[in-house]
Amino acid sequence: MYTAPEQIENKAVDGRADLFSLGIVLFELMTGRHPFAGETLAQVIHRIMHTPADLEPLKAVAPPAVVQAVQTALNKDPADRFAGAADMAAALRVASDETDDGPVAGPSPIAPTPRPHANPVIEPVTNIILTPEEESLLRQAFAGHGSNFGSAASQIDGAASGGINDDSAIGRTVHQPESCNDQADHHHHPADNER
Numbered sequence: 000m001y002t003a004p005e006q007i008e009n010k011a012v013d014g015r016a017d018l019f020s021l022g023i024v025l026f027e028l029m030t031g032r033h034p035f036a037g038e039t040l041a042q043v044i045h046r047i048m049h050t051p052a053d054l055e056p057l058k059a060v061a062p063p064a065v066v067q068a069v070q071t072a073l074n075k076d077p078a079d080r081f082a083g084a085a086d087m088a089a090a091l092r093v094a095s096d097e098t099d100d101g102p103v104a105g106p107s108p109i110a111p112t113p114r115p116h117a118n119p120v121i122e123p124v125t126n127i128i129l130t131p132e133e134e135s136l137l138r139q140a141f142a143g144h145g146s147n148f149g150s151a152a153s154q155i156d157g158a159a160s161g162g163i164n165d166d167s168a169i170g171r172t173v174h175q176p177e178s179c180n181d182q183a184d185h186h187h188h189p190a191d192n193e194r
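What follows is the structure, encoded as structure tokens:
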């Protein structure tokens, strides 16, 4: 789940909700886990709403400026996040000045958690299948080379300055509430037909 707290509460949203989602994606890319992971959808929602992200796994693999940028993006209150994508890009650009030319450790493998079929679970992203080209791009982007963090920042900055066509989803994410009970209703078991 990549939904900002204000979306969960059906409050007004703007591009800062997308920056919250981007913070989750960056955290996952660098650590291999979701910053608000839980055993159930309800736990994930509760953590998104009330629990600060545990940044220790991120601190182990990312420069301080990246950790600070992700932490800012993951603030519960939109007013405490970056005002826009250009501000986040500028913060990530600082990381290009802080990184050396050495490699940065990648995420540690996470063993899958067994779960019962009837209980929907959101698990951290651990096994992503990439094409060789995609893998090369990701390795370059997060290898710790200063220019690569600058490149990521440039992409975000380009999006903020209109570098994405009108079909962009920036600032247009809409939350569709769905409770755990609604999800469970979609997962019928053969025994249900016998009742």
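110 is the number that numbering that gives the first Met the number 0 gives to position 111 of the sequence shown; each next residue is one higher, with no gaps.
For every residue, glycine included, the Cβ atom is placed at its ideal position computed from N, Cα and C.
From a predicted model like this one, the values you see are computed outputs, not experimental measurements.
Length of the line joining the Cα atoms of residue 88 and residue 72: Computed Cα separation, rounded: 11 angstroms.
Helix, strand or coil for residue 202, going by three-state DSSP, please let me know. In the structure displayed, the chain extends from 0 to 194; residue 202 sits before or after that span and is not available.
Would you kindly work out how many angstroms separate the C-alpha atoms of residue 168 and residue 59, rounded to a whole number? Any answer about residue 168 is weak, because its pLDDT of 47 lies below 50 and its placement is not dependable; what the coordinates show is given next. Near 32 angstroms, if we compare the C-alpha coordinates of residue 59 and residue 168.
Beta-carbon proximity check, residue 92 vs residue 18, cutoff 8 angstroms: Between residue 92 and residue 18, the gap from beta carbon to beta carbon reaches 8 angstroms or more.
When the distance is taken between beta carbons, is residue 32 closer than 8 angstroms to residue 56? Yes, the Cβ-Cβ distance between residue 56 and residue 32 is below 8 angstroms.
8 angstroms CB neighbourhood of residue 20 in its chain, flanking five on each side removed: Here the set comprises 1, 2, 3, 172.
State the DSSP-derived secondary structure class of residue 27, mapped to helix, strand or coil. Note: residue 27 maps to helix in three-state DSSP.
Since residue 64 and residue 90 should fall inside the 8 angstroms C-beta cutoff, what is the C-beta to C-beta distance between them, to a whole number of angstroms? About 7 angstroms separates the beta carbons of residue 64 and residue 90, which is inside the 8 angstroms limit, making them a contact pair.
Expressed to the nearest angstrom, what Euclidean distance is found between the alpha-carbon atoms of residue 70 and residue 131? Cα to Cα, the separation comes out at about 31 angstroms.
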